[in-house]
Amino acid sequence: MSGNSLSYNEQLAGGEPPELGQEATPAMSHSGAFGLFSSDLKKNEDLKQMLESNKDSAKLDAMKRIVGMIAKGKNASELFPAVVKNVASKNIEIKKLVYVYLVRYAEEQQDLALLSISTFQRALKDPNQLIRASALRVLSSIRVPIIVPIMMLAIKEASADLSPYVRKNAAHAIQKLYSLDPEQKEMLIEVIEKLLKDKSTLVAGSVVMAFEEVCPDRIDLIHRNYRKLCNLLVDVEEWGQVVIIHMLTRYARTQFVSPWKENDNIEEKSEKNFYESDEEQKEKSDKIKISYAMDPDHRMLIRNTKPLLQSRNAAVVMAVAQLYWHLSPKSEAGIISKSLVRLLRSNREVQYIVLQNIATMSIQRKGMFEPYLKSFYVRSTDPTMIKTLKLEILTNLANEANISTLLREFQTYVKSQDKQFAAATIQAIGRCATNISEVTDTCLNGLVCLLSNRDEIVVAESVVVIKKLLQMQPAQHGEIIKHMAKLLDSITVPVARASILWLIGENCERVPKIAPDVLRKMAKSFTGEDDLVKLQILNLGAKLYLTNSKQTKLLTQYILNLGKYDQNYDIRDRTRFIRQLIVPNEKSGALSKYAKKIFLAQKPAPLLESPFKDRDHFQLGTLSHTLNSKASGYLELSNWPEVAPDPSVRNVEVIELERTSVSGKAKKVKPDKKFYSESEEDASDNDSDSESESGSESEDEEKEEDSSEDSSEYSSDESESESDLDNKNQVAKHKSKTTEESDSDGDEKTNAKLKSSDSSDLESSSIEESSSDSESDTESDYEAKKPSKKEEKKTWPERKPSKKDFSLLDLDDFNPVSTPVAVLTPAISPGLIADLEGLNLAASSPVINVSTPVFVPMKTHELLHRMSGKGLAASYHFPRQPCIFGDQMVSVQLTLKNTTDQKIENIYLSDKKLPSGMQMHVFSPIESLEPGGSITVAMGIDFCDSTQTASFQLCTKDDCFNVNIQPPVGELLLPVAMSEKDFRREQGMLTGMNETSTTVMALPQNSAPPVILQKIVNVANLGIVPSGQDNIHRFAAKTVHSGSLMLVTVELKEGSTAQLIINTEKTVIGSVLLRELKPVLSQG
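With the numbering used here, letter number 218 in the sequence shown gets 346, and the count goes up by one each step, no holes.
And the structure:
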């Protein structure tokens, strides 16, 4: 890379190397928006030529340079058209870099990215897992609502991919799709539910992040995966660990009772047991022990997160610390203090966050951090923000035992050159004096000494703190007040001057000689003082007028006259208020009688509290806690429940398996062991050689988890697999139950055989990875329950089918192993097989493979005019994608718009009037549509391969409107990918009555191949078939409902004529399509 960038820079000055320091000059130029690129167009041309070269090495070199520029923050968007051409490159290295580029710029260049959407969809089927994942990332980066169904389909397929890396990217794409179209929430939740069952540690963190973004309130999805997530936690990547820990913290607060009740009960016991007899005390202690018992799942979470306190990642340690703080008993929370103190050796950003959290913790539980007091001493190299936080923690940890040490530290800090930190230290001294009464006098004397400091800021802060301390013991400190009065001549900081004047006013009766003189001096400088000081001068004058009117009456009136004409309206208002209150006249109300009580009332002493006192209601380690305000997307921790919810929801699938398996086949296990002969068992072993050990184990394990919710799919898969095995073993006389049991026994032996031998040749690296993950997960989940293989083999023939003796391995033996479908890999569970079969768009014929449609401009049709719909306008278009609601349905996207100035509520479809055989999948009711707002929803209609109209009513809360959708014949098709050879073979079988043709007079400008292709695909959703002849263009599709082939041929003849031929079994649709294509080719 360095060599490439050097040669790139050398071209900057026409081949001459730039001088030192001049490399960045073009990027700083103001001549163009693109910085580096606008300064020299030759570089762009150079890169474009390299990208258009026939040599892969030149293309790779160019892509490396472009990606390098992106990494440096330079704009490379100009090269998008040149880069996107290489998206179909056969070189994997080039393709990877192109996808990296497209992920960065696909959102900015949406139109150009859409042109390559068919390539991305093909790449989703690529054998290389990195290409499949990159294609999904690019597809989800194109933020266009029109491709939402494509993204949804791609995510569903990727979620069932054999590669954990692809499944991880599917989880990432879920969040992008949800932000683009929240209407897809329910379908995305289904994908999340499936991915949450994934055993791979690579997927766990990503799917939990998707869960937190899409449906954080669906706690029911976590129940059955809770223990698995707890056990996987140690092996998940660091980012995933943080996400999972935060989610499990919220989960635990809703499912377990508070572990802090134990401490409260002990405290009550210690208070009351003095008056109780020994017997009563013993009875009560027994009750307290019974009163709280920690849930085993609660204990599992705390135990499994403890090792992560040693993580090298600060975020992981912080996440575990907040979990212990919010979930563990108070006696166990102390172990996090050492790990948090260790993080103080990290960089300043990490220190800042950790210290903020320690400051919050140290207010409630000082004992946790007292042993590490010296770790919070301030270093000279610390930035101000770190110094202030350490000072805050030291103040929180101060007590009678360590206050003398801390005050010596504070004396040093006051002398710091950092004035902001010195001022914070003075405030800390004041807080220590308030909290620890033994050192109040010492702190006050020390602060008085600081009044002679040369630094104004130190003196001002000292005055403010002394003022607060004197409010607590005013009678004892007359000398200090006199000393502060003398400082008025030298102190210029407004807050300090105002504080001194307030103190003198409050204690004016204790300093009767000094107070009037201070007022005289202030009257002289009144007009030049700060507004804050002026207000306190007015207050001082009013108090002296009420207590010593002989000396101060004229002075007060003079000050009131000055204030009456002041520029600040606050001061003018205060002047008028005070004059009416203290100077009685005819207009004065009854309030003036109580003027003395109002002005000279005893004020409560201020509370010097930590700014972190009220932050504990935010979850530690969150942005909201750092900012001390609720941030967007913050999820609050719920209060502990009074009674714990039913804990059996977390092991529901195990209970289900015991119930179904035991009742079904407990009595028949022994005789079936001897049913097959050795030769038949060997044959079954050979049949299953293609299956890997990990595949069969992961199937069993996934069946355990899926059994509770996928019972229908599970049973259908069982029956299919059983019938397959019956055929293989030629046992046709036995019922399905007997076959199930024998299969499971045979599979047990197969597994044992596979374990001792080498793994199968058919096993790919991705299958090995996922299967090893699933094996380790199961072992860690149930290691306490699971016997060894040897013990199992010895005890199994003699064991009675009682529930007590059931271990998880026994349940595995009961589970039948489904024979995998020929297309799929045996490492997938039956539930996933059913899902994949539903997603498979291919028909039974090997030729008919649905391809991605050619991109054409979107055609919108009006469904309801805004005048007819009383302000509600509706339009629809056909996105030309397989419908996600059914294989036989045409996908329709409906756009609703509110053109009124009022909210339209409860929009839904009803009263469907459909011809026989037609079906419609409607969208979910829309609660409300804001004024001027619009929303796009998806629906599916099975038109039964006809252009009949689908009539229905579009209803709101108040009205219903009759509307109808009639599909163009070209939208009843799905494009098909096939070779020219296959096309000719299929065309040969569709002749005679199945062929329709006509001759068209084509204009010269319509004879160019690109024009013909564009015109044809604009009318009908056809796939382009590669042709070896320039004058013949072939297109292929299949009907959505029946899957019948539709073959279109355009043959250019001499003399501007063209022959249009359509071959299909659906002759009616073929003739209608012929009528629509004919004018398109003949018009200009």
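We put the beta carbon where it would ideally sit given N, CA and C, even for glycine.
Query                                                                                                                                                                                                   : Result
Here's a check: name, in chain order, each residue in its chain whose Cβ is nearer than 7 Å to the Cβ of Pro775, leaving out the five neighbours to either side.                                        : Asp423 and Asp425
Less than 8 Å separating the Cβ of Leu451 from some heavy atom of the ligand GTP?                                                                                                                       : As far as ligands go, the structure on display features none, and thus does not contain the ligand GTP.
Would you report the Cα separation of Leu437 and Leu455, rounded to the nearest angstrom?                                                                                                               : 15 Å
DSSP on Thr1023, reduced to helix/strand/coil?                                                                                                                                                          : strand
Excluding five sequence neighbours on each side, which residues of the same chain lie with their C-beta closer than 6 Å to the C-beta of Thr980?                                                        : Ser246 and Gln249
Quick check on DSSP: helix, strand or coil for Asp392?                                                                                                                                                  : For Asp392, the predicted structure reports a pLDDT of 49, less than 50, and the residue's modelled location is therefore unreliable. The matter cannot be settled from this model.
What are the boundary residues of the beta strand (DSSP E) that Cys343 is part of?                                                                                                                      : Careful: Cys343 lies outside any beta strand (DSSP E) and carries neither H nor E.
If you draw a straight line from the C-alpha of Leu1037 to the C-alpha of Lys1025, how long is it?                                                                                                      : 15 Å
Can you confirm whether the region 293-307 touches the region 256-265 when touching is taken to mean that 3 or more C-beta pairs between the two stretches lie within less than 8 Å?                    : yes
If you follow the alpha helix (DSSP H) that Gln249 is in, where does it begin and where does it stop?                                                                                                   : Ile245 to Ala251
Based on the DSSP output, what are the partners of Val1018 in its beta bridges?                                                                                                                         : Pro1010 and Ile1069
Using 8 Å as the cut-off, can you tell me whether the region 592-601 makes contact with the region 761-778, which would need three or more C-beta pairs spanning the two stretches below that distance? : no
Pick out whichever of Glu477, Arg440 and Asn485 has its Cα sitting closest to the Cα of Ala449.                                                                                                         : Asn485
Within 10 angstroms of the Cβ of Phe1111, are there 16 or more other Cβ atoms? Answer buried if so, exposed if not.                                                                                     : buried
Would you decide whether Tyr229 is buried or exposed? Buried here means 16 or more other CB atoms lie within 10 Å of its CB.                                                                            : buried
Arg576 to Ile608, Cα distance in whole Å?                                                                                                                                                               : Note on residue identity: the sequence assigns Val, not Arg, to residue 576. Approximately 7 Å, taken between the alpha carbons.
If the criterion is Cβ atoms closer than 9 Å, does the pair Phe1163 and Thr1185 meet it?                                                                                                                : no
Helix, strand or coil: which one does DSSP assign to His351?                                                                                                                                            : helix
Could you tell me the distance, in whole angstroms, from the CA atom of Thr509 to the CA atom of Asn530?                                                                                                : 25 Å
If I follow the unbroken alpha helix (DSSP H) through Gln548, where does it start and stop?                                                                                                             : Lys547 to Asn563
Would you check if the distance between the CB atom of Leu483 and the CB atom of Leu517 is smaller than 9 Å?                                                                                            : yes
Less than 9 Å between the beta carbons of Leu1188 and Leu1202, yes or no?                                                                                                                               : yes
Measure how close the beta-carbons of Pro1059 and Gln1030 come, nearest whole angstrom, since I'm counting them as under 8 Å.                                                                           : 6 Å
Spatial neighbours of Lys1041 within its chain, please: C-beta separation below 7 Å, excluding the five flanking residues on both sides.                                                                : Ser1079 and Phe1080
Per DSSP, which residues does Lys1041 bridge with? Please list them.                                                                                                                                    : Ser1079
For Ala443, write down the residues that DSSP places opposite it in a beta bridge.                                                                                                                      : None; Ala443 has no bridge partner.
Determine the direct distance from the alpha carbon of Met1046 to that of Ile1197, and round the result to whole angstroms.                                                                             : 16 Å
Counting Cβ pairs closer than 8 Å, one from the region 673-691 and one from the region 713-733, do we hit at least three?                                                                               : yes
With DSSP as the reference, label Ser1062 as helix, strand or coil.                                                                                                                                     : strand
Starting from Cys636 and walking both ways along the beta strand (DSSP E), at which residues does that stretch end?                                                                                     : Segment: none, Cys636 is in no beta strand (DSSP E) and carries neither H nor E.
Does the region 1084-1095 come into contact with the region 329-343, if we say contact requires no fewer than three beta-carbon pairs (one atom in each stretch) closer than 8 Å?                       : no
Taking only runs of the beta strand (DSSP E) that begin and end inside the region 1178-1203, which ones reach a length of at least 3 residues, in chain order?                                          : 1185-1192
Going by the beta-carbon positions, is the gap between Lys213 and Leu242 smaller than 9 Å?                                                                                                              : no
Taking Asp645 as the reference, which of Leu660, Asp659, Leu629 and Gly656 has the closest Cα?                                                                                                          : Leu629
Specify whether the region 1127-1147 and the region 1060-1080 touch according to this definition: at least 3 beta carbon pairs, one from each stretch, less than 8 Å apart.                             : no
From this set, Ala733, Lys183 and Ile275, which residue's C-alpha is nearest His1005's C-alpha?                                                                                                         : Ile275
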